[in-house]
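To keep things clear, I will list the structure first and then write my remarks on it.
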Amino acid sequence: MNGAFATVGRYWKPLFGVACAAYGLAALVVGAAACIAVAAVGLSTLGDLDTEWDRSAGLLVAVCCVAAVGLVAVLLATALTTAACPAVVQNAVLGRPVTFGPLWRQASARVPAVLGVMLVTGLIGLVPALLLATGVAASVVAVVSTYGPGDATAFIALGFAGFLVTAPPAVWLWTRFTLAPTAAVVESQGPLTSLRRSSLLVRGSWWRTFGITLLAYAAASAAVMVVQQALNVLGLVAGPALAAPDNPADTTAPLALLVILVPLGLAVQLVTQIVTTVFPQLVLSLIYLDRRIRTENLAAHLSRASTP
Numbered sequence: 000m001n002g003a004f005a006t007v008g009r010y011w012k013p014l015f016g017v018a019c020a021a022y023g024l025a026a027l028v029v030g031a032a033a034c035i036a037v038a039a040v041g042l043s044t045l046g047d048l049d050t051e052w053d054r055s056a057g058l059l060v061a062v063c064c065v066a067a068v069g070l071v072a073v074l075l076a077t078a079l080t081t082a083a084c085p086a087v088v089q090n091a092v093l094g095r096p097v098t099f100g101p102l103w104r105q106a107s108a109r110v111p112a113v114l115g116v117m118l119v120t121g122l123i124g125l126v127p128a129l130l131l132a133t134g135v136a137a138s139v140v141a142v143v144s145t146y147g148p149g150d151a152t153a154f155i156a157l158g159f160a161g162f163l164v165t166a167p168p169a170v171w172l173w174t175r176f177t178l179a180p181t182a183a184v185v186e187s188q189g190p191l192t193s194l195r196r197s198s199l200l201v202r203g204s205w206w207r208t209f210g211i212t213l214l215a216y217a218a219a220s221a222a223v224m225v226v227q228q229a230l231n232v233l234g235l236v237a238g239p240a241l242a243a244p245d246n247p248a249d250t251t252a253p254l255a256l257l258v259i260l261v262p263l264g265l266a267v268q269l270v271t272q273i274v275t276t277v278f279p280q281l282v283l284s285l286i287y288l289d290r291r292i293r294t295e296n297l298a299a300h301l302s303r304a305s306t307p
């Protein structure tokens, strides 16, 4: 944890620069897709909810396309940011300078491998998540239904029981593969080889890896919650001024507040996304180095590599 904080303190400019550029490009792509969708569907359809089915179906298709583009853009930005973290740690350990351009090139070259690892680890948690969602949805239906629990009981039992059965192996596998993104960047390996390398390095240190990883994600989540609570307080203070201005005819003050609050909210969302991506991955990169030093005598290789 201390090493991750030290790395952020020393290399925050290139690291956060790459992250901001990645998510900024993702936002531009989503914005362009939204503009194309609006132009294709037409503003009249957006303002009229009672249009015929053909135009409503076109609007639904446009929304789904924009959502798909947004999902792909965010995944690519997250993969690029994730790849930048091990690259920074690798250069820092070797005593090399880290600047934006080389870091961007090194991270972008490993995006396909890191993205493949992310998809595999994401699929591991998909089954427990779907089962839990099924149990929660069935519970809500049973509560609000006027006919009583009825057939929803079977879905409730299936969802929650299935989650309890599949969650432990999913957590076990996720922890085994948690060092794979770092291996993909540092060792320039493909997704499957990186997964095998992570499993090999975590072997014999599963609980330690799981505990430190959990602590890293908890610390990042706590920092994000503090920032979001501060933004919520600011919204509560500014809300009355937006809802009921002193002079209803004067819209200057509410518009000025919106001009300030909307970019501020977007900036906070960007910062929280970067923090939740960067800090845990820095910790995992340091765990990867620690495991290789303990099991593969990496310290001697690093010493020779860092010697001019």
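Position 234 of the sequence shown, counting from 1, maps to 233 under numbering that gives the first Met the number 0, and the rest follow consecutively. The beta-carbon is built from N, C-alpha and C at its ideal position, and this holds for glycine as well. Since the structure is predicted, the reported quantities are computational estimates derived from the model, not experimental observations.
>> With a threshold of 7 Å (Cβ to nearest heavy atom), would Leu58 be considered close to the ligand SAM?
In response: Among the ligands in the structure shown, none appear at all, so the ligand SAM cannot be discussed.
>> Assess contact between the region 10–18 and the region 82–99, defined as three or more Cβ pairs (one per stretch) separated by less than 8 Å. Is contact present?
In response: yes
> Anyone know if the C-beta pair for Leu157 and Arg290 falls short of 8 Å?
Replying inline: For the purposes of this step, residue 157 is taken as residue 158 along the sequence shown, with counting starting at 1. For the purposes of this step, residue 290 is taken as residue 291 along the sequence shown, with counting starting at 1. Cβ distance not < 8 Å, so Leu157 and Arg290 don't count as in contact.
> If you count every other CB in all the chains shown that lies within 10 Å of the CB of Ala25, and 16 or more means buried, which is it?
Replying inline: For this step, residue 25 is matched to residue 26 along the sequence shown. Looking at its Cβ environment, which holds 16 or more other Cβ atoms inside 10 Å, Ala25 is buried.
>> Can you tell me whether Met330 is buried or exposed? The criterion is at least 16 other CB atoms within 10 Å of its CB, across all chains shown.
In response: Since the first and last residues shown for the chain are 0 and 307, residue 330 lies out of range.
> So, does the CB of Val164 fall closer than 8 Å to a CB anywhere in chain D?
Replying inline: Any reference to chain D falls outside this structure, which holds one protein chain only.
> In this structure, does DSSP put Asn1 in helix, strand or coil?
Replying inline: Taking the first residue of the sequence shown as 1, we reach residue 1 at position 2. Helix at Asn1.
>> Cutting at 6 Å between CB atoms, please list the residues of its own chain near Ala32, excluding the five before and the five after it.
In response: Looking up residue 32 in the sequence shown gives position 33. The residues are Val65 and Val68.
> Pairing CB atoms from the region 86–104 with CB atoms from the region 112–122, are three or more of them under 8 Å?
Replying inline: no
>> Under DSSP, the alpha helix (DSSP H) around Gln159 begins and ends at which residues?
In response: Residue numbering aside, residue 159 sits at position 160 when the sequence shown is read from its first letter. Residue 159 is actually Phe in this sequence, not Gln. That run of the alpha helix (DSSP H) goes Ala151 to Arg175.
> Do Ala106 and Val185 come within 8 Å of each other at the CB atom, strictly closer than that value?
Replying inline: In the sequence shown, the residue the question calls residue 185 occupies position 186. In the sequence shown, the residue the question calls residue 106 occupies position 107. Going by C-beta atoms, Val185 is not nearer than 8 Å to Ala106.
> Can you tell me the Cα-Cα spacing of Ala78 and Thr181, whole angstroms?
Replying inline: Numbered from its first residue, the sequence shown carries residue 78 at position 79. Numbered from its first residue, the sequence shown carries residue 181 at position 182. Answer to the nearest angstrom: the Cα atoms are 11 Å apart.
>> Does Glu186 come out as helix, strand or coil in the three-state DSSP assignment?
In response: In the sequence shown, residue 186 corresponds to position 187, counting from 1. Correct three-state label for Glu186: coil.
> Can you give, in chain order, each stretch of the alpha helix (DSSP H) that sits fully within the region 84–151 and has at least 4 residues?
Replying inline: The alpha helix (DSSP H) runs lying completely inside the region 84–151 and spanning 4 residues or more are 99–108, 110–123 and 125–143, given in chain order.
>> Am I right that Ala222 and Val274 are in contact with their C-beta atoms under 8 Å? What's the rounded C-beta distance?
In response: Counted from its first residue, the sequence shown places residue 222 at position 223. Counted from its first residue, the sequence shown places residue 274 at position 275. Yes, they are in contact, since the Cβ atoms of Ala222 and Val274 sit about 6 Å apart, within 8 Å.
> Secondary structure at Arg196, three-state DSSP: helix, strand or coil?
Replying inline: Along the sequence shown, one-based indexing puts residue 196 at 197. DSSP places Arg196 in helix when its eight states are reduced to three.
> In chain order, what residues of the same chain lie with their CB nearer than 7 Å to the CB of Thr165, ignoring the 5 residues before and after it?
Replying inline: Position 166 of the sequence shown, counted from the start, is the residue given in the question as residue 165. Only Val126, Pro127 and Leu130 meet the Cβ criterion.
>> Using only the alpha-carbon positions, how far apart do Ala160 and Arg207 sit?
In response: Here residue 160 is taken as the residue at index 161 of the sequence shown, counted from 1. Here residue 207 is taken as the residue at index 208 of the sequence shown, counted from 1. Approximately 28 Å, taken between the alpha carbons.
> Which residue from Leu59, Ile155 and Pro111 puts its Cα closest to that of Ala132?
Replying inline: Taking the sequence shown and counting its residues from 1, the one referred to as residue 132 is at position 133. Per the Cα distances, Ile155.
>> Cutting at 8 Å between CB atoms, please list the residues of its own chain near Arg109, excluding the five before and the five after it.
In response: Counted from its first residue, the sequence shown places residue 109 at position 110. Ala82, Ala86, Ala183, Val184 and Ser187.
> What does a CB cutoff of less than 7 Å around Leu213 pick up in its chain, not counting 5 residues either side in sequence?
Replying inline: Within the sequence shown, numbered from 1, the residue matching residue 213 stands at position 214. Contacts found: none.
> Does the beta-carbon of Met224 have 16 or more other beta-carbons within 10 angstroms, so that it is buried, or is it exposed?
Replying inline: Working through the sequence shown from its first residue, we reach residue 224 at position 225. Exposed, since its Cβ has fewer than 16 Cβ neighbours within 10 Å.
> Do you know offhand how far Gly30's Cα is from Gly264's?
Replying inline: Taking the sequence shown and counting its residues from 1, the one referred to as residue 30 is at position 31. Taking the sequence shown and counting its residues from 1, the one referred to as residue 264 is at position 265. Distance between the alpha carbons of Gly30 and Gly264 is about 17 Å.
> Do you know whose CA, among Trp173, Tyr216 and Gly210, lies nearest Ser198's CA?
Replying inline: Translated into positions along the sequence shown, residue 198 becomes position 199. Per the Cα distances, Trp173.
>> Considering Cα atoms alone, identify which of Ala21, Val140, Val116 and Gln280 is closest to Ala3.
In response: By one-based count along the sequence shown, residue 3 stands at place 4. Selected option, being the one with the closest Cα: Gln280.
> Under a Cβ-count criterion, where at least 16 other Cβ atoms within 10 Å of its own Cβ denotes burial, should Leu114 be classed as buried or exposed?
Replying inline: Position 115 of the sequence shown, counted from the first residue, corresponds to residue 114. Flag for Leu114 reads buried.
>> Short of 6 Å in beta carbon distance, which residues of its chain neighbour Ala21, apart from the five on each side in sequence? Order them along the chain.
In response: The count along the sequence shown starts at 1 and reaches residue 21 at position 22. Hits under 6 Å: Ala76, Leu79 and Thr80.
> Skipping 5 residues on each side, what residues in its chain have a beta carbon closer than 7 Å to that of Ser204?
Replying inline: The residue you call residue 204 lines up with position 205 of the sequence shown. For Ser204, where only same-chain residues beyond five positions count, the Cβ hits under 7 Å are Arg290.
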